[in-house]
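Numbered by my numbering, the letters in the sequence shown go through residues 277 to 602 in order. All C-beta atoms, glycine included, are put in the ideal place defined by N, C-alpha and C. On a predicted model such as this, the values are computed, not experimentally measured, just so you know. Comments concern the structure below.
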Amino acid sequence: MPHPLLTVKELKKYFPVSKGVLRRKVADIKAVDGVSFSVEEGEVVGIVGESGSGKSTLGRAAIRLIEPTSGEVKYRGDDLLTMDHQALNCVRREVQMVFQDPYASLNPRRSVGDSIGEALTYHRIVKSHQKKVERVGEILELVGLSPEVMKRYPHEFSGGQQQRICIGRAIAMDPKLVICDEAVSALDISVQAQILNLFVELKKKLGLSYLFISHDLSVIRYVCDHVIVMYLGKVMESGRTEELFSNPKHPYTRALLSAVPVSHPDEKHNRIKLVGEIPTAMSPPSGCPFRTRCPYARKECSQVPPLKVAGNGHTYQCILDTDRYN
Numbered sequence: 277m278p279h280p281l282l283t284v285k286e287l288k289k290y291f292p293v294s295k296g297v298l299r300r301k302v303a304d305i306k307a308v309d310g311v312s313f314s315v316e317e318g319e320v321v322g323i324v325g326e327s328g329s330g331k332s333t334l335g336r337a338a339i340r341l342i343e344p345t346s347g348e349v350k351y352r353g354d355d356l357l358t359m360d361h362q363a364l365n366c367v368r369r370e371v372q373m374v375f376q377d378p379y380a381s382l383n384p385r386r387s388v389g390d391s392i393g394e395a396l397t398y399h400r401i402v403k404s405h406q407k408k409v410e411r412v413g414e415i416l417e418l419v420g421l422s423p424e425v426m427k428r429y430p431h432e433f434s435g436g437q438q439q440r441i442c443i444g445r446a447i448a449m450d451p452k453l454v455i456c457d458e459a460v461s462a463l464d465i466s467v468q469a470q471i472l473n474l475f476v477e478l479k480k481k482l483g484l485s486y487l488f489i490s491h492d493l494s495v496i497r498y499v500c501d502h503v504i505v506m507y508l509g510k511v512m513e514s515g516r517t518e519e520l521f522s523n524p525k526h527p528y529t530r531a532l533l534s535a536v537p538v539s540h541p542d543e544k545h546n547r548i549k550l551v552g553e554i555p556t557a558m559s560p561p562s563g564c565p566f567r568t569r570c571p572y573a574r575k576e577c578s579q580v581p582p583l584k585v586a587g588n589g590h591t592y593q594c595i596l597d598t599d600r601y602n
């Protein structure tokens, strides 16, 4: 039986907090606290949650852009956390990332051709300058840009075009998995739609898998096959996209969905009103981390919630019988 493309088990990423002249550690910021998931080949897994929920940290820790505190990460069955530099360098060719701010992730002193072609030269995928130019031209056409722009610089492009360049740089290595960290949130709505359609087209053409991080539920619903809902470093609910959107179980998922604008004034919405702001990850609430903002919270919510199965791979963590509060 083939291995999943990416398998993450009980992944944790804590950032130490130091104080005093001697900079002694006094606490940890638990950005990611025991998260597990997997990405199959050809699958798009979405991670959604508020700012501060640990989405971006999870994406970076899962591919060792930052070193995890503990846990297990396997890429095609190989342990990513114990790999040496040479083995990890080989994996880097197959796992790429697209960041939120396209301009900030492009070197303003490098032309488009150099930005995309640098990795081709570094990994010795092309053996001559002419081959590199030809390959960069092909990549630009794949992302909807003319090969003639390769001598231009990032500031000469719009935000949407800059993100197309970043996507081109990511697919230049012929990757299997692309991590998209809020890849459309900095763009105008009309441009967002174009970039999302580009992601879908590239998935079909190149057989890509995505780990798609976003706070926008409409974006997640459009592109993702499976959704993970995060809050304060933990997974609240997980399931197939349509199942989770049509039958949300956890109060936090319902709160996120109720914040989505309705398409018609007559459309009814089961709204859940949240109280306060997301707590600090340095001292999260005991038990269910959402209990301090949950309108249905009870005394027993201070205990660690059990993992419940709603069927068809749909799981959530909540002590309460949430169907009673529909």
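Judged by DSSP secondary structure, C456 falls within the beta strand (DSSP E) whose first and last residues are 453-457.
By the C-beta criterion, the segment 431-451 is judged to be in contact with the segment 364-380, since at least 3 inter-stretch pairs fall below 8 Å. Taking a 10 Å sphere around the C-beta of D457, we find 16 or more other C-beta atoms and assign the residue as buried. Taken in chain order, the complete alpha helix (DSSP H) segments of 4 or more residues contained in the segment 496-567 are 517-522, 527-534.
Segment contact: the segment 366-376 against the segment 310-323, fewer than three CB-CB distances shorter than 8 Å; contact not assigned.
Between G413 and the set H431, D390, H361, P430, the nearest pair of CA atoms involves D390. Across the set V476, S466, V367, the C-alpha of V367 shows the shortest separation from the C-alpha of H399. When DSSP assignments are scanned along the segment 362-431, the uninterrupted stretches of alpha helix (DSSP H) that are 4 or more residues long and fall wholly within it turn out to be 388-398, 405-418. By the Cβ neighbour-count rule, L287 is buried, with 16 or more other Cβ atoms within 10 Å of its own. Look at G328 here: in three-state DSSP terms it is coil, with no helix or strand label.
With the rule of 3 Cβ pairs closer than 8 Å, the segment 329-347 does not count as touching the segment 569-588.
In summary, V460 is buried, with 16 or more beta-carbon neighbours lying within 10 Å of its beta-carbon over all protein chains present. Comparing alpha-carbon positions, the option among N588, H502, E513, M512 lying closest to E319 turns out to be H502. Ranking T568, I548, G563 by CA distance to the CA of P555 puts T568 first.
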